[in-house]
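Participant:
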Amino acid sequence: MHSFRPLIIFFQKHPVHQLWQTLISVQFGSMVLLTSQQTGMPFLVRTANKSHFLPTTCVFMMEVLKLLFCFLVVWKNCASFPKAFSTLKASVWNNKVETLKVSIPAVVYAIQNNLYYIALANIDATTYSVTYQLRILTTAVLSVCLLQKRLSVEQWGALILSLFGVIFVQVDQTKSVAASVAGNKVLGILSTFGMCWTSAFAGVYFEKMLKDASADVWIQNIRLSLLTLIFAALTMVVSDFTKIIDDGFFQGWTSIVWLVTVLNSVGGICVSIVMKYADNVKKTYCQSIAIGLTALISIFLGERTSTAMLFEGVTMVIVSVFLYAMYPPHEYKKIPQTPEIDEDEELAPFSSMDVDLTAVEVIFAQKLACGEPTTRRRALKVLHEWIVDQSSKRPFDENDLKRLCKGLHYVMWMQDKMLMQEELADRIAGLLTVFKSEEERVLYVKAFLESLSVEWIHIDRWRMDKFLMEVRRMLRSYWDAFKQTAISDDNNFRESLKFHFASLLLDELDLAGGLNKNQVMWCLQPYADLLGQRSISDYFFDSICEEIFMTILHQRSEVFAAMEQGEDPAEQSGGIEFDYKGLSKMLFDVGKKPDVTSKRRAKIYALVKKFDTAASGSDPLLFVPPEPAEKLTNADFVEAEKRILKMDEEIRKEREKSKKARKEAKARAAGLSTPSEKKPKKTVSVKKTKLSKKKKSVKSPGIIKKKPMKKRAK
Numbered sequence: 021m022h023s024f025r026p027l028i029i030f031f032q033k034h035p036v037h038q039l040w041q042t043l044i045s046v047q048f049g050s051m052v053l054l055t056s057q058q059t060g061m062p063f064l065v066r067t068a069n070k071s072h073f074l075p076t077t078c079v080f081m082m083e084v085l086k087l088l089f090c091f092l093v094v095w096k097n098c099a100s101f102p103k104a105f106s107t108l109k110a111s112v113w114n115n116k117v118e119t120l121k122v123s124i125p126a127v128v129y130a131i132q133n134n135l136y137y138i139a140l141a142n143i144d145a146t147t148y149s150v151t152y153q154l155r156i157l158t159t160a161v162l163s164v165c166l167l168q169k170r171l172s173v174e175q176w177g178a179l180i181l182s183l184f185g186v187i188f189v190q191v192d193q194t195k196s197v198a199a200s201v202a203g204n205k206v207l208g209i210l211s212t213f214g215m216c217w218t219s220a221f222a223g224v225y226f227e228k229m230l231k232d233a234s235a236d237v238w239i240q241n242i243r244l245s246l247l248t249l250i251f252a253a254l255t256m257v258v259s260d261f262t263k264i265i266d267d268g269f270f271q272g273w274t275s276i277v278w279l280v281t282v283l284n285s286v287g288g289i290c291v292s293i294v295m296k297y298a299d300n301v302k303k304t305y306c307q308s309i310a311i312g313l314t315a316l317i318s319i320f321l322g323e324r325t326s327t328a329m330l331f332e333g334v335t336m337v338i339v340s341v342f343l344y345a346m347y348p349p350h351e352y353k354k355i356p357q358t359p360e361i362d363e364d365e366e367l368a369p370f371s372s373m374d375v376d377l378t379a380v381e382v383i384f385a386q387k388l389a390c391g392e393p394t395t396r397r398r399a400l401k402v403l404h405e406w407i408v409d410q411s412s413k414r415p416f417d418e419n420d421l422k423r424l425c426k427g428l429h430y431v432m433w434m435q436d437k438m439l440m441q442e443e444l445a446d447r448i449a450g451l452l453t454v455f456k457s458e459e460e461r462v463l464y465v466k467a468f469l470e471s472l473s474v475e476w477i478h479i480d481r482w483r484m485d486k487f488l489m490e491v492r493r494m495l496r497s498y499w500d501a502f503k504q505t506a507i508s509d510d511n512n513f514r515e516s517l518k519f520h521f522a523s524l525l526l527d528e529l530d531l532a533g534g535l536n537k538n539q540v541m542w543c544l545q546p547y548a549d550l551l552g553q554r555s556i557s558d559y560f561f562d563s564i565c566e567e568i569f570m571t572i573l574h575q576r577s578e579v580f581a582a583m584e585q586g587e588d589p590a591e592q593s594g595g596i597e598f599d600y601k602g603l604s605k606m607l608f609d610v611g612k613k614p615d616v617t618s619k620r621r622a623k624i625y626a627l628v629k630k631f632d633t634a635a636s637g638s639d640p641l642l643f644v645p646p647e648p649a650e651k652l653t654n655a656d657f658v659e660a661e662k663r664i665l666k667m668d669e670e671i672r673k674e675r676e677k678s679k680k681a682r683k684e685a686k687a688r689a690a691g692l693s694t695p696s697e698k699k700p701k702k703t704v705s706v707k708k709t710k711l712s713k714k715k716k717s718v719k720s721p722g723i724i725k726k727k728p729m730k731k732r733a734k
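Under the numbering used here, the first residue of the sequence shown carries the number 21, and numbering increases by one thereafter.
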């Protein structure tokens, strides 16, 4: 049993392997983009400042571009504008609670921008830059407090080392500048401290909201952009309304300004992706690394001179990054060498490479199927966290999910209590929503069906019900996520499993709701293709016709029956929208395939005619009597009457003949001669021999009863 081995090895890997997986993951790519963007922005902004543009208009357009880019991504995922608008309406407007949650970081960011102007108005840039780097520590502290994150001693040391490195770089950059700014220095320092905490709080809060909310990162960015756009518009109107009216909105805008605006909008999206797939501390590290790289580029461009303090600061930042990645917190304890584990101990103690993996896999499966709710929930929590972590770092492939589904199959196999079977089936199906990408969700369903098909012949009749229930739960969970999911064309599964799906397909589609006609057609296409396969049995062919296509026609017929009785047809139509013309064309294309037998082709074409009738707005199952070929006259009725009388006469004669035959048969059975057997007497002169006299003198019982029997016959 090697199904949970990837899960166990996940907790046993050496930090170097974890670092390599981080380097090839999505989060690392987003961190590289964010670092590159923040490294190049100072040089672009310095060039753009030569043209006198309004910064408030730049901030406003940045949010507009960010909102447009996120909407294009949502539209691509939804595959149509109406569906994208309906998704945004359901996620942003109808789900006001989640939208209001986004208003909190939006307001905090607005406060931070105001504190930014107050701080720079009262202290010099060096003091501001050095003091503002305290946000690294504040971010780490709030991550530990609000997100329940754990940092190792080495990671805390890396944070402090990074802080000193950034201070070295900033002090070396501005130590020769005598910056004296008139103002309240205490107010400036307090404003900078406030910025450190507001930046950390907004970042940590938004990270928690991204990882806890059901919507994806693009919907959350749209929510944040909409609210931030309102605050940006208010700031622009209050600060630069007169200048915009006099000289226009895009005064002083050049190609460099447009490039800065676009990169700023992309940078905001990169920040959201980093916080979604990494965390806020790593986002702060990207900003710290960008400071060091900016200093190095300045040396290369001749804007700065290389000094020992600069080199030490950059080295500290780089070393701190590797320390943070190489020494994660030790969240799991080592398990003993014996396979026996106490029931009350924490699960997933899989950090020792010397342990017997097979024994641990068995124990982990037993924990998942345990009758104790606490142990069961703890095991499912470990599995949930493992899937989330692996899906964010390295997408699952098909083999990984097959091993996982095989292990979950044996977990369901070992569970023998009915209520716990239902709970376990719901949780196994609920794992579908844990995967980050659509491809992984589709692969999970495919791996689940394939593993169940492999083990199908081993399931006895006592365990069949719980696995059928598990299939139903998985199908329901899949329909919930179907709006953003494609269907594979692979039909290589057990025929009995396909029949079970066919019997509950329409019910589960109705329960899922929210599917348009095209999505319903995608669901029905695999079953229509099955009708064109010669390999399926006649029973399965008839089952698909009755359970799916005839059920659709019956539902359509019930709508017309309700209209005739004056009832509301919406009560009979159900929650699924069908494209009857499309179904007719789909079945017609299947019926004309050369592999379809003539008998099945006739049944398919009969369904095609019924769906054409339904598409034309008529009752597809209404009986219509055939019209006569020609009009009948009175002579036709007279002729028909004569034929009927003649037929009656023939029937009467036939009955008499049959009655006479029955009487003769009874007589022969009694040993009597029937009237038809009587022959005329012949006079033959024969000498009576002694033998004939002897026969005449013998009295037999039949001769004595001959006379009365003749009377009864007459």
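Idealized CB from N, CA, C, for every residue including glycine.
Treat the numbers as computed from the prediction; the structure is a model and nothing was measured.
Quick one: Cα of C216 to Cα of T255, how far?
Facilitator: As a working mapping, residue 216 is identified with position 196 in the sequence shown. As a working mapping, residue 255 is identified with position 235 in the sequence shown. Near 22 Å, if we compare the C-alpha coordinates of T255 and C216.
Participant: In the structure shown, what three-state DSSP assignment does H72 receive?
Facilitator: Residue 72 sits at position 52 when you count from the first residue of the sequence shown. In the structure shown, H72 sits in coil (DSSP, three-state: anything other than H, G, I, E or B).
Participant: Can you have a look at C78 and say buried or exposed, based on whether 16 or more other CB atoms are within 10 angstroms of its CB?
Facilitator: As a working note, residue 78 is residue 58 in the sequence shown. Per the 10 Å Cβ criterion, buried.
Participant: Short of 8 Å in beta carbon distance, which residues of its chain neighbour T281, apart from the five on each side in sequence? Order them along the chain.
Facilitator: For the purposes of this step, residue 281 is taken as the residue at position 261 of the sequence shown. Cβ-Cβ distances below 8 Å link T281 to C78, M81, M82 and L85 in the same chain, with the five nearest sequence neighbours on each side left out; the list follows chain order.
Participant: So, under 8 Å CB-CB, F455 and S411 are touching, yes? Tell me the CB distance rounded to an integer number of Å.
Facilitator: Walking along the sequence shown from the start, residue 455 turns up at place 435. Walking along the sequence shown from the start, residue 411 turns up at place 391. So it is a contact: roughly 5 Å between Cβ atoms.
Participant: Return helix, strand or coil for I479, following the three-state DSSP convention.
Facilitator: Taking the sequence shown and counting its residues from 1, the one referred to as residue 479 is at position 459. In the structure shown, I479 sits in coil (DSSP, three-state: anything other than H, G, I, E or B).
Participant: Can a CB atom of chain B be found closer than 9 Å to the CB of I293?
Facilitator: The chain inventory of the structure shown lacks chain B, comprising one protein chain alone.
Participant: Less than 6 Å between C-beta atoms, sequence neighbours within five positions excluded: which residues of the same chain meet that for I239?
Facilitator: Locating residue 239 in the sequence shown gives position 219, counting from the first residue. For I239, where only same-chain residues beyond five positions count, the Cβ hits under 6 Å are S111.
Participant: Assign A660 to one of two classes, buried (16 or more other C-beta atoms within 10 Å of its C-beta) or exposed (fewer than that).
Facilitator: Walking along the sequence shown from the start, residue 660 turns up at place 640. Result: exposed.
Participant: Starting from T571, follow the alpha helix (DSSP H) in both directions and report where the run begins and ends.
Facilitator: As a working mapping, residue 571 is identified with position 551 in the sequence shown. Counting along the chain, the alpha helix (DSSP H) containing T571 begins and ends at T571 to E584.
Participant: Please state the DSSP three-state secondary structure of K719.
Facilitator: Against the sequence shown, residue 719 aligns to sequence position 699. With a pLDDT of 48 at K719, under the threshold of 50, the modelled position of this residue cannot be trusted; read the value that follows with caution. K719: coil per DSSP, three-state reduction.
Participant: So which of G185, A220 and Q175 has the shortest CA-CA distance to C165?
Facilitator: The count along the sequence shown starts at 1 and reaches residue 165 at position 145. Nearest option by C-alpha distance: A220.
Participant: Pull up the distance between the alpha-carbon of H429 and that of L451, whole angstroms please.
Facilitator: By 1-based counting over the sequence shown, the position of residue 429 is 409. By 1-based counting over the sequence shown, the position of residue 451 is 431. Cα-Cα distance, rounded: 14 Å.
Participant: By alpha-carbon positions, which one of S638, P75 and M606 ends up nearest to K263?
Facilitator: Translated into the one-based positions of the sequence shown, residue 263 becomes position 243. It is P75 whose Cα lies nearest to the Cα of K263.
Participant: What separation, rounded to the nearest whole angstrom, lies between the Cα atoms of T159 and T218?
Facilitator: Looking up residue 159 in the sequence shown gives position 139. Looking up residue 218 in the sequence shown gives position 198. About 10 Å.
Participant: Please identify the residue among K666, E227 and S211 whose C-alpha is closest to the C-alpha of I293.
Facilitator: By 1-based counting over the sequence shown, the position of residue 293 is 273. Considering only alpha carbons, the answer is E227.
Participant: Between the Cα of P640 and the Cα atoms of T571, V610, T653 and R396, which residue gives the shortest distance?
Facilitator: Along the sequence shown, read from residue 1 onward, the residue named residue 640 stands at position 620. When each option's Cα is compared against that of P640, the closest is T571.
Participant: Who are the Cβ neighbours of M432 in its own chain at under 8 Å, not counting the five residues just before and after it?
Facilitator: What you label residue 432 is simply residue 412 of the sequence shown in a count that begins at 1. Once the five neighbours on either side are set aside, the close Cβ partners of M432 are A389, Q441, L444, A445, I448, K486, F487 and E490.
Participant: L210: which of A139, W95, R243 and A687 sits nearest, CA to CA?
Facilitator: For the purposes of this step, residue 210 is taken as the residue at position 190 of the sequence shown. The shortest Cα separation from L210 among A139, W95, R243 and A687 belongs to A139.
Participant: Answer yes or no: do Y129 and T212 have a C-beta to C-beta separation smaller than 9 Å?
Facilitator: Translated into positions along the sequence shown, residue 129 becomes position 109. Translated into positions along the sequence shown, residue 212 becomes position 192. The Cβ atoms of Y129 and T212 do not sit closer than 9 Å to each other.
Participant: Between Y498 and the rest of its own chain, which residues show a CB-CB distance below 6 Å, the 5 nearest in sequence each way excluded?
Facilitator: Along the sequence shown, read from residue 1 onward, the residue named residue 498 stands at position 478. These residues qualify, in order along the chain: V465.
Participant: Return the CA-CA distance between C90 and E528, expressed in angstroms with no decimal places.
Facilitator: If you number the sequence shown from 1, residue 90 lands on position 70. If you number the sequence shown from 1, residue 528 lands on position 508. Each residue's Cα considered, the two are about 32 Å apart.
Participant: So which of R675, Q585, Q175 and L627 has the shortest CA-CA distance to G602?
Facilitator: Translated into positions along the sequence shown, residue 602 becomes position 582. For the residues R675, Q585, Q175 and L627, the minimum Cα distance to G602 belongs to L627.
Participant: Under DSSP, the alpha helix (DSSP H) around K466 begins and ends at which residues?
Facilitator: Here residue 466 corresponds to residue number 446 of the sequence shown, with the count starting at 1. Counting along the chain, the alpha helix (DSSP H) containing K466 begins and ends at E458 to V474.
Participant: If I measure Cβ to Cβ from L108 and keep anything under 8 Å in the same chain, skipping five residues before and after, which residues do I get?
Facilitator: Translated into positions along the sequence shown, residue 108 becomes position 88. F91, V94, I239 and I242, listed in sequence order.
Participant: How many Å lie between W476 and R621 at the Cα?
Facilitator: Within the sequence shown, the letter at position 456 stands for residue 476. Within the sequence shown, the letter at position 601 stands for residue 621. A direct Cα-Cα distance of roughly 31 Å separates W476 from R621.
Participant: For N284, count neighbouring C-beta atoms within 10 Å of its own C-beta (all shown protein chains included) and say buried if the count is 16 or more, exposed if not.
Facilitator: The residue labelled residue 284 in the question sits at position 264 within the sequence shown. N284 is buried by the Cβ-count criterion.
Participant: Using the Cβ count rule (16 or more neighbours within 10 Å means buried), how would you classify E460?
Facilitator: In the sequence shown, counting from the first residue as 1, residue 460 sits at position 440. Buried: at least 16 other Cβ atoms inside 10 Å.
Participant: Alpha carbons only, please: which of M434, Q435, C425 and M438 is nearest the one belonging to V474?
Facilitator: Translated into the one-based positions of the sequence shown, residue 474 becomes position 454. For V474, the nearest C-alpha among the options comes from C425.
Participant: Looking at the structure shown, is F251 part of a helix, part of a strand, or coil, going by DSSP?
Facilitator: Indexing the sequence shown from 1 puts residue 251 at position 231. In the three-state reduction of the DSSP assignment, F251 falls in the helix class.
Participant: Is it right to say S763 is buried, meaning 16 or more other beta carbons lie within 10 angstroms of its own, or is it exposed?
Facilitator: Here the chain covers residues 21 to 734 and nothing more, so residue 763 does not appear.
Participant: How big is the Cα-Cα spacing for R554 and F560?
Facilitator: Translated into the one-based positions of the sequence shown, residue 554 becomes position 534. Translated into the one-based positions of the sequence shown, residue 560 becomes position 540. Looking at the two C-alpha atoms, the distance is approximately 11 Å.
Participant: Among residues of its own chain, excluding the 5 on either side of L524, which ones have a beta-carbon nearer than 8 Å to its beta-carbon?
Facilitator: As a position in the sequence shown, residue 524 is number 504, starting the count at 1. Answer for L524: R492 and L495, listed in chain order.
Participant: With I113 as the anchor, note down where its alpha helix (DSSP H) starts and where it stops.
Facilitator: On the sequence shown, position 93 is the one that residue 113 refers to. According to the sequence as given, residue 113 is Trp; it is not Ile. Careful: W113 lies outside any alpha helix (DSSP H) and carries neither H nor E.
Participant: Per DSSP, what kind of secondary structure is D615 in: helix, strand or coil?
Facilitator: One-based indexing of the sequence shown puts residue 615 at position 595. Of the three classes helix, strand and coil, the one that applies to D615 here is coil, per DSSP.
Participant: Taking its Cβ as the centre, do 16 or more other Cβ atoms sit within 10 Å of N677, making it buried, or is it exposed?
Facilitator: Taking the sequence shown and counting its residues from 1, one reaches residue 677 at position 657. Contrary to the premise, residue 677 reads as Lys rather than Asn in this sequence. Exposed, by the Cβ-count rule.
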